[in-house]
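Q: So the sequence shown is numbered by this note's numbering: it starts at 2 and just counts up by one. Just so you know, even glycine gets a beta-carbon here, dropped at the ideal spot from N, CA and C.
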Amino acid sequence: MNSPQTYKKDKVKGNILIVDDSLDNLNLLYSTLTKQGYEVRKAINGAMALMGVKAELPDLILLDIRMPDMDGYEVCEKL
């Protein structure tokens with residue numbers, strides 16, 4: 002079984018952006034998805050999520066709705 006570090010770029014299943022203000026949630030999802038061969042990026046708030054999308058468009062965004070400052074719905078509107 003391959004560890005996340007042994008996956009080559011051509012074997013990556015997809016690019017996922019996780020947005021959550023809970024570090025426990027971020028770390029659990031990150032660990033689970035990287036072990037499955039996904040390239041995963043993390044953002045702890047809406048502003049970071051928007052910057053991440055601008056830097057590289059993900060294939061999938063897992064977005065928390067209840068976040069301080071800018072909630073998930075506001076992030077969706079700005080996308």
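Looking only at its own chain, which residues have a Cβ that is under 8 Å from the Cβ of Y31, when we skip the five neighbours before and after it?
A: I19, V41 and K43
Q: By how many angstroms is the C-alpha of D25 removed from the C-alpha of L81?
A: As shown, the chain starts at 2 and ends at 80. That puts residue 81 outside it, with no answer to give.
Q: Do G53 and V76 have their C-beta atoms within less than 7 Å of each other?
A: no
Q: At the level of alpha carbons, what is the spacing between L34 and K12?
A: 14 Å
Q: What does V20 pair with, by DSSP beta-bridge criteria?
A: A44 and L64
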